[in-house]
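Down below is the structure, laid out as structure tokens.
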Amino acid sequence: MTPEAGTAPRARAGGHPGMKAAGRRVDVGDARDRTIGRYPYVIDRVPAGCLHAVLVRSPHAHADLRSVDVTAARATRGVVAVVTGEDLTRWQDQPDGPFPYYGPVLPDRPVLAIGRVRFAGEPVAAVIARDVDTAREAAATITVDYDALPAVFTPDAAMAPGAPILHEHVPTRDVMTFPDLVLHTEDGGNVCNHFRLRRGDVDAGFAASDHILSHEFRTPQQQHVPLEPHVTIATVRGDTVDIQTSAASPFTVRSQVAETLKLPESRVRVRVLNVGGAYGAKTYPRLEPLVAVLAWAVRGRPVRVELTRAEEFATVARHSSVVRIRTGFRSDGTLLARRVEVLWGAGAYADISPRTIKNGGYSSAGPYDIPNVSIDSYAVYTNTTPSGGFRGYAIPQVAWAYENHTDLIAEHLDLDPAELRHRILLRPGDAFATGQTIEDFHLAALLDTACDRIGWKPGPASARRVVVAPGIVRGKGVSTILKTTVTPSTSTVALKLDEDANLTVVCSTVEIGQGARTVLAQLAADATGVPLERVHVTYPDSAVTAWDQTTSSSRSTLMMGVAVERAGERLRGELARRAGALLGVPATAVDVRADRIRSGLGPGLSYAELISRAKLGGVTVSEVHASDGGLDPETGQGVVTPHFYHAAAAAEVEVDLETGTVRVVDLHVESYAGRVIHPTFAELQCEGNVAFGVGQALSEAMVWGGESGALLNDSLLDYRIPSVRDLPETFTIGMTEDPAGPDGARIHGLGETGSPAVPAAIGNAVAEALGAHIHELPLHPERVWKAAQAAAEPSAGT
Amino acid sequence: MTANDDPRQPLRLVVNDDEVEVRPRGHHTLLDVLRRELDLFGARPGCTAGACGSCTVLVDGAPASSCLLPAQVVGARPVRTVEGLARPGELHPVQQAFIDHTAFQCSYCTPGFILTAVSLLEREPDASRDRIRAELSGNLCRCGSYVKIMDAVLDARDRMRGHHDDGTPYTGPAAGYARPSCSASSAGAGAAQAAHS
Ligand code: FES
Ligand code: FES
Chain F
25 MTPEAGTAPR ARAGGHPGMK AAGRRVDVGD ARDRTIGRYP YVIDRVPAGC
75 LHAVLVRSPH AHADLRSVDV TAARATRGVV AVVTGEDLTR WQDQPDGPFP
125 YYGPVLPDRP VLAIGRVRFA GEPVAAVIAR DVDTAREAAA TITVDYDALP
175 AVFTPDAAMA PGAPILHEHV PTRDVMTFPD LVLHTEDGGN VCNHFRLRRG
225 DVDAGFAASD HILSHEFRTP QQQHVPLEPH VTIATVRGDT VDIQTSAASP
275 FTVRSQVAET LKLPESRVRV RVLNVGGAYG AKTYPRLEPL VAVLAWAVRG
325 RPVRVELTRA EEFATVARHS SVVRIRTGFR SDGTLLARRV EVLWGAGAYA
375 DISPRTIKNG GYSSAGPYDI PNVSIDSYAV YTNTTPSGGF RGYAIPQVAW
425 AYENHTDLIA EHLDLDPAEL RHRILLRPGD AFATGQTIED FHLAALLDTA
475 CDRIGWKPGP ASARRVVVAP GIVRGKGVST ILKTTVTPST STVALKLDED
525 ANLTVVCSTV EIGQGARTVL AQLAADATGV PLERVHVTYP DSAVTAWDQT
575 TSSSRSTLMM GVAVERAGER LRGELARRAG ALLGVPATAV DVRADRIRSG
625 LGPGLSYAEL ISRAKLGGVT VSEVHASDGG LDPETGQGVV TPHFYHAAAA
675 AEVEVDLETG TVRVVDLHVE SYAGRVIHPT FAELQCEGNV AFGVGQALSE
725 AMVWGGESGA LLNDSLLDYR IPSVRDLPET FTIGMTEDPA GPDGARIHGL
775 GETGSPAVPA AIGNAVAEAL GAHIHELPLH PERVWKAAQA AAEPSAGT
Chain D
8 MTANDDPRQP LRLVVNDDEV EVRPRGHHTL LDVLRRELDL FGARPGCTAG
58 ACGSCTVLVD GAPASSCLLP AQVVGARPVR TVEGLARPGE LHPVQQAFID
108 HTAFQCSYCT PGFILTAVSL LEREPDASRD RIRAELSGNL CRCGSYVKIM
158 DAVLDARDRM RGHHDDGTPY TGPAAGYARP SCSASSAGAG AAQAAHS
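First to last, the protein sequences are chains F and D. Each residue of the first sequence is one higher than the last, beginning at 25 in this note's numbering. Each residue of the second sequence is one higher than the last, beginning at 8 in this note's numbering.
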């Protein structure tokens with residue numbers, strides 16, 4: 025079967041042959057399907073003869089499993105199989121039996137709990153039945169006997185002496201799956217990885233400083249809430265596995281399922297359609313190993329699992345964090361030394377934490393020029409939903425800390441916070457904390473733009489703080505952040521030109537709402553000269569489409585985009601060679617562009633005419649694009665990214681001191697874009713960053729509690745994500761492009777860049793309004809009210 | 008009662024002008040029936056708690072969360088899903104406006120927003136920006152496509168009633184909305200913006 029090719033994007037009226045597609049608001053090829061309910065997602069797929077599985081989950085945060093009684097469930101009419109951790113242990117010793125543990129970095133997670141549960145919501149048993157109702161009812165008859173254990177929910181509690189230990193032994197693999205990752209794990213504690221960065225001499229830096237400030241900041245776990253929940257359909261037939269899944273990294277899923285079912289990777293086929301939201305939730309295998317094992321248990325029949333919203337909250341989360349940051353500086357603001365300790369709440373299993381904490385670690389230095397830096401970043405097991413990547417990839421947490429901290433330094437020196445940033449921001453030619461030289465970096469300019477947009481008045485806080493009515497105060501705040509993208513990283517693509525000169529971009533980039541299929545079609549059209557309306561982009565199918573590392577980290581337009589551009593060049597070279605052979609001239613004498621092949625004067629040939637006359641049948645080329653880099657395992661020094669993504673935000677808020685409510689009255693987020701390929705999708709991504717930032721700033725937090733340590737807000741009634749009414753009343757986004765113009769300008773990912781800047785800017789604005797910094801997110805009314813009360817006390821009457 | 012002794016009961020529904028016979032169990036919702044029996048996937052489960060609007064359909068012209076509505080109680084009231092909104096060869100103006108404004112990212116929420124907007128504009132052709140915003144606040148878009156969703160619905164309103172807020176005749180989707188006219192600027196020279204107000 026060939027992969028389903030999507031409808032081609034059409035060029036908007038006004039385009040002319042040869043006009044570039046990139047940089048224009050070309051129509052989205054499948055836009056119509058999206059509005060008539062025909063835009064396909066894996067959740068719409070239910071293969072004939074499909075069985076449905078329902079999971080029994082632990083109500084306890086931490087407990088030993090005494091017994092799991094599945095007798096009644098097994099006897100229920102319509103139930104095909106019931107699987108528990110005991111079955112996994114038994115099967116493990118069979119030559120073709122599944123390997124029961126998985127995890128992208130450390131295989132520390134059982135597919136179903138074995139002997140112990142480590143978070144409320146952990147799957148304990150699975151019922152496979154002919155329909156969902158039967159499976160659900162049989163699941164309700166399963167009784168589990170738990171022996172509750174003490175539990176920990178925050179990373180500082182989990183690192184404290186005497187804390188309950190989640191994993192007595194942290195397993196590792198013989199071969200590391202991630203080339204960019206070095207593990208520092210130790211048994212006997214809850215730390216599953218420790219990242220270190222050492223640059224210069226921090227002690228000397230502190231000794232030379234006029235001032236030293238230390239603060240601690242905290243952020244809670246959050247859930248991604250993709251509206252399409254995780255859904256996976258798996259079929260095991262003989263020694264082949266077929267997986268359809270709502271996932272953003274099909275090849276990561278493939279490796280994991282191959283390991284789980286002890287098969288070569290080529291025996292596992294992973295297919296993905298459009299994904300109904302991901303934001304990091306679908307970047308690593310989450311549901312697939314489990315569904316693959318269930319499919320193995322009933323070999324021959326497809327098994328489907330679709331999570332409920334409550335289960336989604338038990339699947340993956342954003343890390344909670346505790347950031348302790350200490351900075352030494354001169355009286356003019358010059359930063360001399362910074363020491364940071366970051367503790368990350370990894371949840372019950374490592375998932376991708378060992379890597380997340382590396383990025384979150386080195387990024388905690390911030391976008392500032394600091395000669396002496398020491399950073400220790402720890403991924404710490406806690407009895408909560410496992411944490412993974414989440415839009416912004418650990419930057420929102422550390423940016424919350426370092427940007428509040430920057431404002432506290434400004435306050436200490438009685439400086440305008442924007443002015444202080446101008447003195448200390450990194451500039452091209454400076455070295456980032458990892459030693460990498462900064463280039464193509466415009467953060468000071470972005471900050472100016474953001475300030476202009478909200479009417480920033482320079483000076484101390486009093487220049488901007490306004491009492492608009494008794495008890496109603498306005499303040500403004502700014503923030504500046506930088507972010508990296510995964511390095512090293514590789515994308516491959518094949519371009520297939522058929523006999524009618526339609527072009528198929530055969531690649532495994534996943535359409536998660538970022539517009540990737542449109543953007544890649546634009547780049548392919550420009551690079552090959554095939555008109556945009558004849559360009560199709562495949563859905564990922566690991567059996568057919570070219571290998572790609574992942575759709576995450578804001579890397580697709582950059583990495584796959586460059587691969588497509590180079591492949592396009594290669595394709596035109598190939599057409600020139602073939603045309604040269606046909607016409608008896610050297611390839612160098614043939615000009616190939618805009619669907620025309622010419623040598624000398626005359627109308628030349630269209631691509632289709634060449635293919636037909638030269639009896640080529642079609643032309644296919646492929647290309648790889650890879651980036652290099654890596655960090656020294658002891659010092660954290662080295663290359664972390666092809667280039668630094670960066671953004672600035674400025675916010676104005678109104679705080680009601682009586683109720684603690686915060687209203688964002690104005691907000692601007694300016695991101696560096698390098699070169700914009702599809703302006704509308706780029707804006708949508710930037711606007712999405714605002715929505716995510718506002719949710720993080722004002723409302724979103726997973727709350728663990730109750731007697732058994734369960735999640736108290738596992739529905740969208742209790743866990744509020746922003747609606748249209750929760751967005752700032754006025755906000756603007758901007759994308760700054762390369763001042764040198766689009767030719768040669770590099771593509772910067774935009775999907776996450778602006779998001780981390782938003783909570784920090786809002787937090788600084790609230791601090792200005794209150795006259796006091798709140799060190800913990802979110803800024804919900806109760807917390808703000810308490811801070812307002814505390815700030816009012818020492819100087820009553822102001 | 009278990010699935011085994013909760014037999015499927017035949018039920019007649021009117022969906023997108025067709026009379027259909029379905030066989031839900033007692034507790035099945037309209038959303039279950041649409042997706043499992045009628046292969047209509049435009050209504051989508053998001054929260055199954057009435058909080059996100061991604062399962063929105065029109066029942067008797069009014070938006071309803073099909074995830075909460077037992078199929079048995081729908082009765083003879085006509086059900087319209089996003090699949091049944093366009094007339095042959097012609098999209099509903101709200102659908103067309105969503106396309107013209109690219110009012111989506113992952114698009115999972117799109118049918119719910121479209122149906123909520125259609126119902127509002129049919130009842131209140133002159134709905135104000137605030138009114139539209141309030142009505143759409145029961146639908147969630149996690150991707151945060153709200154700016155362009157608002158633009159699309161305002162545009163659809165004017166398209167349907169034939170004039171803009173200031174009384175000038177409606178001429179096309181480019182006129183009068185907070186839609187940015189160009190993408191970006193170079194460093195330090197001031198930025199293009201997408202205003203949301
Ligand atoms: S699924 Fe029905 S309102 Fe969310
Ligand atoms: S476009 Fe993704 S949820 Fe709205």
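Ideal Cβ placement from N, Cα and C applies to all residues, glycine included.
Excluding the five sequence neighbours on either side, which residues of its own chain have a C-beta within less than 8 Å of the C-beta of F275(F), listed in chain order? V294, S532, S566, W571, D572, Q573, T574
Against chain D, which members of the region 295-327 of chain F pass a CB distance test of less than 9 Å? N298, V299, G300, G301, A302, Y303
Going by C-alpha distance, which of V296(F), T430(F), G385(F) is nearest I536(F)? V296(F)
Taking Cβ positions, are H799(F) and E240(F) nearer each other than 8 Å? yes
Apart from the five residues just before and just after D211(F), which ones in its own chain have a Cβ nearer than 7 Å to its Cβ? E192, H193, V194
Buried or exposed by the 16-neighbour rule on C-beta atoms within 10 Å, applied to L741(F): exposed
Does any residue of chain A bring its CB to less than 8 Å from the CB of D68(F)? Absent from the structure is chain A; the protein chains it does hold are F and D.
Quick check: is any heavy atom of ligand 2 less than 7 Å from the C-beta of A112(D)? Checking the sequence, you will find Gln at residue 112(D) rather than Ala. Checking the Cβ of Q112(D) against ligand 2 gives yes.
Cα-Cα separation, L519(F) to L547(F): 12 Å
State yes or no: is the C-beta of G412(F) within less than 8 Å of the C-beta of D440(F)? no
To the nearest angstrom, report how far apart G183(D) and P176(D) are at their CA atoms. With a pLDDT of only 36 at G183(D), under the threshold of 50, the placement of this residue in the model should not be trusted; the figure read from the coordinates follows. Looking at the two C-alpha atoms, the distance is approximately 11 Å.
Report buried or exposed for E753(F), applying the criterion of at least 16 other Cβ atoms within 10 angstroms of its Cβ. exposed
Taking the alpha-carbon positions, what's the D169(F) to D93(F) distance? 8 Å
So for S401(F), helix, strand or coil by DSSP? strand
8 Å Cβ cutoff met for N396(F) and G224(F): yes
Roughly how many angstroms lie between the CA atoms of P627(F) and R699(F), to the nearest whole one? 34 Å
Looking at the structure shown, is E192(F) part of a helix, part of a strand, or coil, going by DSSP? coil
Among V64(D), G169(D), I156(D), which residue has its Cα nearest to the Cα of F111(D)? I156(D)
State the start and end residues of the unbroken alpha helix (DSSP H) segment that holds C475(F). 467-477
In chain F, what lies closer than 8 Å to A93(D) by C-beta? I60
Reference A18(F); option with closest CA among Y631(F), D550(F), P657(F), V664(F): The displayed coordinates of chain F run from 25 to 822. Any statement about residue 18(F) would go beyond what the structure contains.
Counting beta carbon pairs with one atom in the region 809-816 of chain F and one in the region 42-57 of chain D, are three or more of them shorter than 8 Å? no
Three-state class that DSSP yields for K382(F) in the structure shown: helix
Indicate whether the contact test is met: 3 or more Cβ pairs, each with one atom in the region 743-763 of chain F and one in the region 697-715 of chain F, closer than 8 Å. yes
Under the criterion of a Cβ to heavy atom distance below 7 Å, does S72(D) qualify as lining ligand 1? yes
Of the listed residues A172(F), A144(F), T108(F), nearest to A163(F) (C-alpha basis): T108(F)
Establish whether the CB of D157(F) and some CB of chain D are separated by less than 8 Å. yes
What do you get for T683(F), buried or exposed, if any count of 16 or more other CB atoms within 10 angstroms of its CB means buried? exposed
Might you give, ordered along the chain, the residues of its own chain that have their beta carbon closer than 6 Å to the beta carbon of P118(D), omitting 5 neighbours on each side? G49, V89
Given a cut-off of 8 Å, decide if G775(F) and Q709(F) are closer than it, judged by their beta-carbon atoms. yes
D67(D) versus Q103(D): straight-line alpha-carbon distance, rounded: 23 Å
Let me know the secondary structure DSSP gives K520(F) once reduced to three states. strand
Please report the straight-line C-alpha distance between T165(F) and H343(F), rounded to a whole angstrom. 34 Å
Under a CB-based cut-off of 8 Å, is V64(D) close to chain F? no
Given 7 Å as the limit, tell me if R333(F) has its C-beta closer than that to any heavy atom belonging to ligand 2. no
G262(F) burial status per 10 Å Cβ neighbour count (16 or more: buried): exposed
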